[in-house]
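S.K.: The structure under discussion is supplied below as structure tokens; questions concerning it will follow.
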Amino acid sequence: DTAVSQTPKYLVTQMGNDKSIKCEQNLGHDTMYWYKQDSKKFLKIMFSYNNKELIINETVPNRFSPKSPDKAHLNLHINSLELGDSAVYFCASSQALLGTQYFGPGTRLLVL
Amino acid sequence: QQQVKQSPQSLIVQKGGISIINCAYENTAFDYFPWYQQFPGKGPALLIAIRPDVSEKKEGRFTISFNKSAKQFSLHIMDSQPGDSATYFCAASISAGNMLTFGGGTRLMVKP
């Protein structure tokens, strides 16, 4: 009964490939997020998605695109993977305006 | 531009001691300040949060002190335990349900 789940847990791929990471939350929240944690543990917001409104961090390359089939899911698709995309990607969810963001376990992406 | 600055980067405390982590922010529009705890291989988990209308909030051994005029807030962990060893992140957002801006993290080690 994991609150926020992500698949896969690990992802190793070659430069130039396209890959997707899936996220699902069973908390009934209306807002979901993607964060990137780099090798120095720095956490940075990439996107938030609320009721079909997408807010994008302007520093995120357009090779990254979130896709939300429904309120409980927010997937992250990455085109033309680069070495610098290697990181841990965290999905999170919250109920708008109530605060607490619940994070998933992370997807460790390694681009070779 | 790093909007939330966190110090120290690492901290070693003896069991039973007090751990203190400090954060400073720049954006005066921030009005929600959570602290997250992250264990290796796991996602961040909310520890405690404060809003600027109070100067202190305590939950068990964890206390947030907030200084609005100085734009600073800190986490105090009383009676630190080896199980508290983790990476701690301060964060800030404009209202509770919005994207979080994280500090750089503090790796805490509590020695038995």
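So the sequence lines, in the order shown, correspond to chains A and B. So the number in the numbering used here is just where the residue sits in the first sequence, counting from 1, plus 556. So the number in the numbering used here is just where the residue sits in the second sequence, counting from 1, plus 311. Glycine residues also receive a C-beta, built at the ideal position from the N, C-alpha and C atoms. Keep in mind it's a predicted model, so treat the numbers as computed, not measured.
(1) With DSSP as the reference, please indicate the residues paired to residue 367/B in a beta bridge.
(2) Can you tell me whether residue 626/A is helix, strand or coil according to DSSP?
(3) Identify the residues that DSSP records as bridge partners of residue 348/B: which are they?
(4) Less than 8 Å between CB atoms is the rule here; does residue 413/B satisfy it with respect to chain A?
(5) I'd like the list of long-range same chain contacts for residue 319/B, defined as Cβ closer than 7 Å, with 5 residues on each side in sequence excluded.
(6) Does the CB of residue 592/A have a neighbour CB from chain B at under 8 Å?
(7) Quick one: Cα of residue 613/A to Cα of residue 359/B, how far?
(8) Would you report the Cα separation of residue 342/B and residue 410/B, rounded to the nearest angstrom?
(9) Out of 340/B, 329/B and 327/B, point me to the one whose CA is closest to residue 315/B's CA.
(10) Which residues, in order along the stretch 654-668 of chain A, keep a beta-carbon less than 7 Å from a beta-carbon of chain B?
(11) Would you say residue 339/B reaches chain A, if we count a Cβ-Cβ gap shorter than 8 Å as a contact?
(12) For residue 639/A, which residues of its own chain have a beta-carbon under 7 Å away from its beta-carbon, when the five flanking residues on both sides are left out?
(13) Give me, in chain order, the residues of the same chain whose beta-carbon lies closer than 8 Å to that of residue 656/A; leave out the 5 immediate sequence neighbours on both sides.
(14) Enumerate in chain order the residues of its own chain whose CB-to-CB distance from residue 357/B is below 7 Å, with the five nearest sequence positions on each side excluded.
(15) Using 10 angstroms around the beta-carbon of residue 648/A, count the other beta-carbons present and answer buried if the total reaches 16, otherwise exposed.
M.R.: Let me lay it out:
(1) 376/B
(2) In the three-state DSSP reduction, residue 626/A falls in the strand class (E or B).
(3) 356/B and 399/B
(4) yes
(5) 417
(6) For residue 592/A, no CB of chain B lies under 8 Å from its own CB, so it is not counted at the interface with that chain.
(7) 25 Å
(8) The alpha-carbon atoms of residue 342/B and residue 410/B are separated by roughly 12 Å.
(9) When only C-alpha atoms are compared, the closest one is 340/B.
(10) 654, 655, 656, 657, 659, 660, 661 and 662
(11) no
(12) 571 and 667
(13) 650
(14) So the qualifying residues of the chain are 345 and 347.
(15) Around the beta carbon of residue 648/A, a 10 Å sphere encloses 16 or more other beta carbons of the protein chains shown; the residue is thus reported as buried.
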